[in-house]
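These notes concern the structure reproduced below.
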Amino acid sequence: MINGTQVGFGAALLAAVILAAIGPPGTQATAPPPGPVVAVSPNAPRTFTLTSVSVELPTGDVAFPGPANTQAIAANCLSCHSAGMVLTQPDFPRAVWAGEVDKMIHTFKAPVAPADVAAIVDYLQATRGTK
Amino acid sequence: MKEKMAGPPGRRSFLGQAGGFILVGGALAPPALAQTTVDLPFAPPARAITKAFPQKGPMILQRTRPPLLETPFEVFDRGVFTPNDQFYVRWHWAVIPTEIDVASFRLTVKGHVETPLSLTLRDIVDGLPRVELAAVNQCSGNSRGFTEPRVPGAQWANGAMGNARWMGVRLKDVLDKAGVKAGAQRVRFAGLDEPVVADAPKFMKSLAIDHARDGEVMIAYAMNGEQLPLLNGFPLRLVVPGWYSTYWVKMIDRIEVLDGPDTSFWSASAYLIPDTPGADIKPGQTGVKMVPINRMVPRSFVTSLRDGAALKAGAKTAVRGIAFGGATGVKSVEISLDSGTAWQAATLGQDEGKYSFRRWQAEIAPAAGPVRLMVRCTNSDGLAQPMAMNWNPGGFMHNAVETTRLTAA
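Residue numbers (the working numbering), protein chains in the order written: chain A, 1 to 131; chain Z, 1001 to 1409.
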């Protein structure tokens, strides 16, 4: 009985020490000195509990803005990535944009309608093209 | 506008930046507009600050889908460990499971092994020795937005990095459990994320067999004492200390031991750097041998003062920041106020391990006028940050000395 209590107390104490060493984010400045680079934790609590997760990821996004014609880029590009991928880019020469569209089609297998390729590059040039 | 993800603040900020209308005071302006967008120091500067992502606090929105979320830089001044809810996020493909059941999850080990395995999370957490390691996780393209001339890709400022205390098991112990057969060459890793298009290349990365068995590469099930946020790779993520994050495969559920080279797209044809010192070539230079990106290089940052801050001339001002050595520890951090002619040693903070961020601090007392505060880290191998920024077509491996522009008056 006494032994059992001590073991239990010991385990709780060890758990507390380990939690203190790890610490919640943002309170690390006061954490005690760490162990070696890869520290084995033989005295760690017997188990670490992982909990199932169910989340929702944002699916909507900003639309491609005008004034250039957005029809081709909206129809072909948004299934793989949101418009922010394009709108955060700096201005590039037309050849760079043509290369990016080519990479999406041939390397990343984007099913872009061949008839739409020129219109997509036109949009990119108009919206993020070197002037 | 059909934005749904960023909530009211993000929507307002987007409308503002897109020029649909300009919010200037008045009832339309949210009370804290300054906190809903941030201007990065390159074109186009404006980014929304989003709180719309699960298990995440305020993040710089680089892309909604697949998510690219940057850590706001002020977070790095708060300590050497980056909070899980503001740890940066980077996914390649948009099909990301949003439900993970810990009871049915399996990690499989197959290929050139004696005994293929299908491990439960319980097998991993309770069945193998637990290890801990503090290590920086940094995107290969961190700071790409500063590249000149500019290159396409995620236009990150300096916040595509973070430091955590990772807890998990050694990859070596998992491989030993399966029994690697003689002749194994590489170990390839993949996770639960999938391309939108069926025949697009699934994201996979591999390490040389000796690297995989070095006893430092880990399979982590916790960061900073908690299970990983889903967007940081729950339930399991590979940790490759000292190497760029492209190898730190998220939601890892399959390990394959190869008895030959890995010719798959993401290993053989993506994340390539010029095989030159600092991965540096002249813009447009061709005919250069390209190799997979690998070990990180040293970096250091001022975190306590931001560009444009005002100081009192002649008065002592404490400055502090963070540094990391890359593939090894921090040997020294120095600061300069004269464009790199004279360097003054900074005092290093507590050593959390050689792969961790390390705090540094120093004191300056600049005369009146503009101040250019430079900081330089030298790692334990004697490798120092270069003065000039490198250039390569991927915008990878930037680590030049940073300059914070201040005014003393």
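The beta carbon of each residue, even a glycine, is placed where N, CA and C say it ideally should be. Please read these numbers as outputs of a predicted model, since none were measured by experiment.
Worksheet item: Can you check whether the CB of Ala1346 of chain Z is closer than 8 Å to the CB of Ala1362 of chain Z?
Response: Cβ atoms of Ala1362 of chain Z and Ala1346 of chain Z: closer than 8 Å.
Who are the near neighbours of Asn1142 of chain Z in its chain, counting only those whose CB is closer than 6 Å to its CB and skipping five residues on each side?
-> Correct list, in chain order: Trp1156, Ala1160, Met1161.
Give me the residue from Z:Asn1399, Z:Thr1120, Z:Arg1358, Z:Arg1090 with the minimum Cα distance to Pro1277 of chain Z. The residue with the shortest Cα to Cα distance from Pro1277 of chain Z is Z:Asn1399.
Please tell me whether Thr1407 of chain Z and Val1302 of chain Z are closer than 8 Å, where the distance is taken between their beta carbons.
In terms of Cβ geometry, Thr1407 of chain Z and Val1302 of chain Z do not form a close pair [threshold 8 Å].
Practice prompt. For the alpha helix (DSSP H) holding Val121 of chain A, just list the boundary residues, first then last.
Written response: Residues 117 to 128.
field: 8 Å CB neighbourhood of Gly1153 of chain Z in its chain, flanking five on each side removed
entry: Cβ neighbours of Gly1153 of chain Z beyond the five flanking positions: Gly1141, Arg1144, Gly1394, Gly1395.
When the Cα of Thr1246 of chain Z is compared with those of Z:Tyr1271, Z:Asp1307, Z:Gly1179, Z:Asp1210, which residue comes out closest? Considering only alpha carbons, the answer is Z:Tyr1271.
| request: Could you give the DSSP three-state label for Pro114 of chain A: helix, strand or coil? | output: Helix, per DSSP.
Relative to the C-alpha of Arg1188 of chain Z, which candidate in Z:Arg1122, Z:Gly1233, Z:Gly1111 has its C-alpha closest? The residue with the shortest Cα to Cα distance from Arg1188 of chain Z is Z:Gly1111.
Original post:
Whose Cβ in chain A lies nearer than 8 Å to the Cβ of Pro1054 of chain Z?
Top reply: Residues of chain A passing the Cβ test: Val55, Glu56, Leu57.
**Message:** Taking the beta carbon of Asn76 of chain A as the centre, do at least 16 other beta carbons fall within 10 Å, making it buried, or is it exposed?
**Reply:** Asn76 of chain A counts as buried, since no fewer than 16 other beta carbons sit within 10 angstroms of its beta carbon.
Listed in chain order, which residues of the segment 1194 to 1219 of chain Z have Cβ atoms closer than 9 Å to some Cβ of chain A?
For the segment 1194 to 1219 of chain Z, which is checked against every Cβ of chain A, the residues closer than 9 Å are Pro1195, Val1196, Val1197, Ala1198, Asp1199, Ala1200, Pro1201, Gly1215, Glu1216, Met1218.
**Prompt:** What in chain Z is Cβ-close to Cys80 of chain A, meaning under 9 Å?
**Reply:** The contacting residues are Arg1065, Pro1066, Trp1093, Ala1094, Pro1195, Val1196, Val1197, Ala1200.
Secondary structure at Pro1277 of chain Z, three-state DSSP: helix, strand or coil?
Three-state result, Pro1277 of chain Z: helix.
I need the DSSP call for Met104 of chain A, collapsed to helix, strand or coil.
Met104 of chain A: helix per DSSP, three-state reduction.
ask   = Fully enclosed by the segment 1135 to 1181 of chain Z, which beta strand (DSSP E) runs are 3 residues long or longer?
value = Counting only runs of 3+ residues, the beta strand (DSSP E) found wholly inside the segment 1135 to 1181 of chain Z occupies 1161 to 1170, in chain order.
Practice problem: With a 10 Å radius around its C-beta and 16 neighbouring C-beta atoms as the bar for buried, classify Ser59 of chain A as buried or exposed. | Solution: The residue asked about is misnamed: residue 59 of chain A is Thr in this sequence, not Ser. Around the beta carbon of Thr59 of chain A, fewer than 16 other beta carbons sit within 10 angstroms, so the residue counts as exposed.
Based on DSSP bridge pairs, tell me the residues matched to Gln89 of chain A. Looking at the DSSP assignment, Gln89 of chain A forms no beta bridge with any residue, so it has no partner.
Over the uninterrupted beta strand (DSSP E) stretch that includes Leu1061 of chain Z, give me the two end residues.
-> 1059 to 1063 is the span of the beta strand (DSSP E), which, as asked, contains Leu1061 of chain Z.
*asked:* Could you check whether the Cβ of Thr70 of chain A sits closer than 8 Å to any Cβ belonging to chain Z?
replied: Under the 8 Å criterion on CB atoms, Thr70 of chain A is classed as non-interfacial with respect to chain Z.
#### Entry: Validate contact between the segment 1255 to 1266 of chain Z and the segment 1166 to 1186 of chain Z using beta carbons, cut 8 Å, 3 pairs
As far as the Cβ criterion goes, the segment 1255 to 1266 of chain Z touches the segment 1166 to 1186 of chain Z, which means the pair count is three or higher.
inquiry  = Beta-carbon within less than 8 Å of Ala1384 of chain Z's beta-carbon, same chain only, minus the 5 sequence neighbours each way: which residues are those?
reply    = Correct list, in chain order: Pro1298, Arg1376, Cys1377, Thr1378.
Worksheet item: With burial defined as no fewer than 16 other Cβ atoms inside 10 Å of the residue's Cβ, what is the status of Gly1191 of chain Z: buried or exposed?
Response: So Gly1191 of chain Z counts as buried.
Between Arg1150 of chain Z and chain A, is any beta-carbon pair separated by less than 8 Å?
At a cut-off of 8 Å between beta-carbon atoms, Arg1150 of chain Z makes contact with chain A.
Discussion item. Considering just the uninterrupted stretch of the beta strand (DSSP E) at Gly990 of chain Z, what are its terminal residues?
Written reply: Outside the displayed span of chain Z (1001 to 1409) sits residue 990 of chain Z, for which this structure offers no information.
Q: Report yes or no: do the segment 1192 to 1208 of chain Z and the segment 1091 to 1100 of chain Z share at least 3 C-beta pairs separated by less than 8 Å?
A: Using a Cβ-Cβ distance cut-off of 8 Å, the segment 1192 to 1208 of chain Z and the segment 1091 to 1100 of chain Z are in contact, since at least three pairs of beta carbons, one from each stretch, lie closer than that value.
Provide the residue(s) that pair with Ala1345 of chain Z in DSSP beta bridges, ordered along the chain. Within the DSSP secondary-structure output, Ala1345 of chain Z pairs in a beta bridge with Z:Glu1334.
Quiz item: If we cut at 8 Å on Cβ distances, does Gln125 of chain A have a partner in chain Z?
Solution: No - not a single Cβ of chain Z is within 8 Å of the one on Gln125 of chain A.
Report task. Determine, using beta carbons only, whether Ala1043 of chain Z comes closer than 8 Å to chain A. Result -> A Cβ of chain A is located within less than 8 Å of the beta carbon of Ala1043 of chain Z.
message = Short of 6 Å in beta carbon distance, which residues of its chain neighbour Ile1022 of chain Z, apart from the five on each side in sequence? Order them along the chain.
response = In this prediction, Ile1022 of chain Z has a pLDDT of 32, which is less than 50 and means its spatial position is unreliable; nothing more can be read from the coordinates.
> So who's on the other strand from Glu1194 of chain Z, going by DSSP bridges?
Replying inline: Per DSSP, Z:Val1095.
Checklist entry - Would Thr107 of chain A be called buried (16 or more neighbouring beta carbons within 10 Å of its own) or exposed? => result The residue is exposed, with fewer than 16 neighbouring Cβ atoms inside 10 Å.
Item checked: Classification of Lys1250 of chain Z by the beta-carbon crowding that lies within 10 angstroms, buried from 16 upward -> By the neighbour-count rule (16 or more Cβ atoms within 10 Å), Lys1250 of chain Z is buried.
Open item on the list: For Val1240 of chain Z and Ala1220 of chain Z, which I take to be in contact (beta-carbon distance under 8 Å), what is that distance rounded to the nearest angstrom?
Closed with: Not a contact, Cβ separation roughly 11 Å.
- request: Taking only the alpha-carbon atoms, compute the straight-line gap between Asn1137 of chain Z and Ser1336 of chain Z and give it to the nearest angstrom.
  value: Answer to the nearest angstrom: the Cα atoms are 27 Å apart.
Inset, instruction - Kindly indicate which residue of Z:Asp1351, Z:Gly1079, Z:Arg1186, Z:Val1333 has the alpha-carbon position closest to the one of Val1113 of chain Z. - result: When Z:Asp1351, Z:Gly1079, Z:Arg1186, Z:Val1333 are compared, the shortest CA-CA separation from Val1113 of chain Z is found for Z:Arg1186.
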